[in-house]
Structure formats: structure tokens, C-alpha cells
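Peer 1: Sequential numbering of the sequence shown, starting at 21, is according to the working numbering. Sharing a structure below in C-alpha cells format, with a few things to ask.
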Amino acid sequence: MGKRAFITGITGQDGSYLAEFLLEQGYEVHGLARRVALEDPAHRLTRIAHIASRVQLHAGSLESFPSLFRVLQKIRPDECYHLAAQSFVSYSFDDEFSTLNANINGTHHVLAALKDVAPKCHFYFAATSEMFGKAAETPQTERTPLHPRSAYGISKVAGFHLTQNYREAYSLHASSGILFNHESPRRGYEFVTRKISAGVARILAGQSKELSLGNLEAKRDWGHARDYVQAMWLMLQQPAPDDYVVATGECHSVREFAELAFRLVGLNASDHLTINPEFYRPAEVDLLIGDSTKARRALGWQNRVRFEELVREMVEADCRAAGIQQPFVTSSAVGASA
Ligand code: NAP
Ligand code: GDD
Numbered sequence: 021m022g023k024r025a026f027i028t029g030i031t032g033q034d035g036s037y038l039a040e041f042l043l044e045q046g047y048e049v050h051g052l053a054r055r056v057a058l059e060d061p062a063h064r065l066t067r068i069a070h071i072a073s074r075v076q077l078h079a080g081s082l083e084s085f086p087s088l089f090r091v092l093q094k095i096r097p098d099e100c101y102h103l104a105a106q107s108f109v110s111y112s113f114d115d116e117f118s119t120l121n122a123n124i125n126g127t128h129h130v131l132a133a134l135k136d137v138a139p140k141c142h143f144y145f146a147a148t149s150e151m152f153g154k155a156a157e158t159p160q161t162e163r164t165p166l167h168p169r170s171a172y173g174i175s176k177v178a179g180f181h182l183t184q185n186y187r188e189a190y191s192l193h194a195s196s197g198i199l200f201n202h203e204s205p206r207r208g209y210e211f212v213t214r215k216i217s218a219g220v221a222r223i224l225a226g227q228s229k230e231l232s233l234g235n236l237e238a239k240r241d242w243g244h245a246r247d248y249v250q251a252m253w254l255m256l257q258q259p260a261p262d263d264y265v266v267a268t269g270e271c272h273s274v275r276e277f278a279e280l281a282f283r284l285v286g287l288n289a290s291d292h293l294t295i296n297p298e299f300y301r302p303a304e305v306d307l308l309i310g311d312s313t314k315a316r317r318a319l320g321w322q323n324r325v326r327f328e329e330l331v332r333e334m335v336e337a338d339c340r341a342a343g344i345q346q347p348f349v350t351s352s353a354v355g356a357s358a
């Protein structure tokens, strides 16, 4: 019989790709979904609509230990991927309390329940490059000191330490993936890459004229979510738990992402891009670039999708959704001037 996996955050970007991947591997896939999502599948389960009949969803929320305990007791998974979180950094400045509450207690609840009902389960924690924040060195590795710059980053540092502590104190097979930014056409619209790809599509379709962003000089190491969920799975197949940086090793500014997205469809970013100070953050993370040598060597992980391909895939998907079938003017826009 195939293994049984449980995914918190199955309705999110990563959860949807991971569920697909695990189904392909023959897993029985269970997921946690909020009650409101289960009652409104047409709007809130869109990312997993195509696999809905093959996954089993259970109602629960991060804030409720009893809900998580009950679900885990019922499923007793072989592998647990804890992805659910308030994941938008910007929002964590507006509501520090709910971010810290959901993210820290949610992780603690899952770990504590697993310790009691499925102590042999392999556990994955969705850690993040945001933990490096005001990064002490470039590129960042598993040994780079942590200096979070937001309630979100702080909540993930706490989850990371909780995960390490359950590994050391209770011998749980608990690993953390320190994942750098990863995107896809399933990315939430609040994140800058999707905001750009959707904005470009709207402008091309004549539905709007401008795209308003914040700090264009921030630099990120952007990969594709489909590649990154494979790293999560690989971590849980190892004989011993550990922590791994997952990144492409290449970084680009928000400005570069936006300029390429516009250029691909024959538009000039400077004709449409405006700056709105409202989108600046009280404390910014200026530069993230990861060194994933450990994951590549120990797990055999590799990222397949490069920067231009990622931007293309996202812009193309949003253009198609806006009714434009062939949005691109060139086969390759890298190196071309605007
Ligand atoms: P996402 O698209 O925002 O998905 C977040 C998921 O968490 C959704 O399924 C959401 O459910 C669920 N969730 C949020 N609050 C919840 C609550 N209180 N109770 C139950 N479920 C709740 O995030 P993602 O991009 O897939 O990222 C997955 C994880 O990796 C997150 O923990 C994120 O912080 C971390 N991470 C992401 C990146 C990245 O670049 N994407 C990088 C590093 C780490 P609803 O659909 O009901 O809202
Ligand atoms: N969202 C957003 N909107 N960001 C903007 C905008 C804008 O209009 N303009 C500039 N930015 C800048 C932000 O200031 C930030 O420096 C950068 O674009 C990326 O922002 P996001 O796409 O919101 O992602 P993030 O890097 O803050 O966080 C994502 O990656 C983390 C991993 O490093 C999220 O997925 C986190 O959950 C994840 O942990």
C-alpha cells in the first residue's frame, strides 16, 4: 500500500503542487482546509480543483489544537508537510498578532499532536529565506545567522527552532526547508511577481493603464514552486532529519522582473510602472540569494526552471486568462533592451 501524506496549506500555491506530486508518486493524500474553504470550493479550492476527487480534505485550522489533533489521530500519516501559514510578509506588519499566533502556535500544535499520535511520522516545516532578513552574508547558507525583519520572519524563526527542538528532544524525524522565493501561475495576487504578471496582462488587454509597485530595488532569488516541492519530498525520504537551503543561486531585482515581463509582450515598463510609497515596508529585506549546495549534494535536488522561463510562464498564464492567446513578441527577451 502507498504511503499516507498529510499537507497543511494544501489549498495554497505549494500545497497544490505538492499534492499533485505526491499523487503521482502513489501516495494517499490528505489535506487540512479551513471550514469556510470547504463550504466555498468554487472560490477557495481553485488551485486543487483538478485533483479534488483524489485528495481527502479535513476541516481544521492552525489556531485550534483540538482540530489538528483529531485530524492527525484519524489519519496517522507517514509524512506530514506543514505548509499552512499567514505567508504574506507585508500583511504581517499590519497584523503582527494574528501572524505570530497562527504561524508559531500552528507549528507547535502540529508538532505536539504528531509527537503523541504519530511519533514515527516524517515532518516537514516550511521555513524561509525571510529568516535571514538583514542578511549577515551573501549568499546565505544553512549556517548564516538569522536576523528576521518582520513578524512573519520572526514567526518562521520560532517554527524553525520548534522543529529543531522536537527533533532533538523527542527524536521526531523533523526537517526544515529554508526555501527562497518560489513562484508560479498559482502564486497569490498579493505577491509582487503575480502582481506584475497579472498587471501586465491587464494592461495588454486594455483593462488598465498602469501598474503600481513599491520598492523596485529589492532583490530576490526566484525559483519555480513545482521544482521546490520536490525538495520538500526529498528531505523526508532521508534516513535522518536535517535542514536545507533551497534556492536557485541567481538573484534579480523587482525592477528586472517587471521590465522583463513588460518587454516580453512588447511593452515598455517605464510607460506603465508607477511607484506608490504605500507598498514600501517599514523594514525591508534588501537582498536574498541562496547557496543550496547541501540540498544539491545530499538530496540530489536541482531546480529546472530559470528566471526568464518563470516570468514567461506567469505572464503567459495571466494573458491567456485575460483572453490573449499569443502575448509574446520575441522568443527570448533576455538581453534585449526595452
Ligand atoms: P500560500 O499560497 O499563501 O498558502 C498558504 C496556505 O496556508 C493556504 O492553504 C491557506 O489556506 C493556509 N492557511 C493560512 N492560514 C491558515 C490557518 N489559520 N488555518 C489553516 N490554514 C491556513 O503560501 P505558499 O506560497 O504556498 O507557501 C507555503 C508555505 O511555505 C508557507 O508556510 C510559506 O510561509 C512558506 N514559504 C513560502 C515561500 C514562497 O516563496 N512561496 C518561500 C519560503 C517559505 P487558505 O487557502 O484557506 O487561505
Ligand atoms: N508584495 C509586493 N507588492 N511586494 C513588492 C511590491 C508590491 O507592490 N513592490 C515591491 N515589492 C517588493 C517587496 O518590498 C519585497 O522586497 C519583494 O518585492 C518581494 O515581495 P513579495 O513578493 O511580497 O515576497 P516576499 O519576498 O516578501 O515574501 C515571499 O517570499 C518569502 C521567501 O523569501 C513570501 O512567499 C514569503 O511567504 C516567503 O517566506
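C-beta: ideal position from N, C-alpha, C; glycine also.
1. Pairing CB atoms from the segment 171-190 with CB atoms from the segment 207-216, are three or more of them under 8 Å?
2. What are the start and end residues of the alpha helix (DSSP H) that includes Arg275?
3. Can you find the residues in the same chain that come closer than 6 Å, C-beta to C-beta, to Asp263, ignoring five residues on each side of it along the sequence?
4. Is it true that the CB of Phe180 sits closer than 8 Å to the CB of Met151?
5. Compute the minimum distance between the beta carbon of Thr213 and the heavy atoms of ligand 2, and state whether it is under 7 Å.
6. From this set, Val349, Pro259 and Gly269, which residue's C-alpha is nearest His142's C-alpha?
7. Return no unless some Cβ of chain D is closer than 8 Å to the Cβ of Tyr37.
8. Relative to the C-alpha of Ala146, which residue among Glu44, Tyr101, Ser110 and His78 is closest?
9. Can Gly51 and Leu82 be called in contact, C-beta distance under 8 Å?
10. Reducing DSSP to helix, strand and coil, say where Arg240 ends up.
11. Exposed or buried, Ala318, counting other C-beta atoms within 10 Å across all chains shown (16 or more means buried)?
12. For Leu330 versus Glu237, is the C-beta spacing smaller than 8 Å?
13. Can you find the residues in the same chain that come closer than 6 Å, C-beta to C-beta, to Ala356, ignoring five residues on each side of it along the sequence?
14. Between the C-alpha atoms of Pro261 and Ala194, what's the straight-line distance to the nearest angstrom?
15. Quick check on Asp60: buried or exposed, where buried means 16 or more other Cβ atoms within 10 Å of its Cβ?
16. DSSP has Cys100 in a bridge; who is on the other side?
Peer 2: Put simply:
1. Not touching, per the Cβ criterion.
2. Following the DSSP letters along the chain, one finds Arg275 inside the alpha helix (DSSP H) bounded by residues Val274 to Leu284.
3. Shown here for Asp263: same chain residues with a beta carbon closer than 6 Å to its own, the five before and five after excluded, namely Glu162 and Ser196 in chain order.
4. At a Cβ-Cβ threshold of 8 Å, Met151 and Phe180 count as neighbours.
5. Yes, the beta carbon of Thr213 sits closer than 7 Å to at least one heavy atom of ligand 2.
6. For His142, the nearest C-alpha among the options comes from Pro259.
7. Of the protein chains in the structure, only one exists, and it is not chain D.
8. Comparing Cα-Cα distances from Ala146 to each of Glu44, Tyr101, Ser110 and His78, the minimum goes to Tyr101.
9. Cβ atoms of Gly51 and Leu82: not closer than 8 Å.
10. Three-state DSSP puts Arg240 in a strand.
11. Ala318 comes out exposed.
12. No; because the gap between Cβ atoms is not below 8 Å, this pair is not in contact.
13. Note that Ala356 has pLDDT 40, beneath the 50 cutoff, so the model's placement of it is unreliable and the number below is only indicative. Taken in chain order, the list of residues that qualify is empty.
14. Rounded to whole angstroms, Pro261 to Ala194 spans 6 Å at the Cα level.
15. In the assembly as shown, Asp60 is an exposed residue. Its beta-carbon has fewer than 16 other beta-carbons within 10 Å.
16. Bridge partners of Cys100: Phe26 and Phe143.
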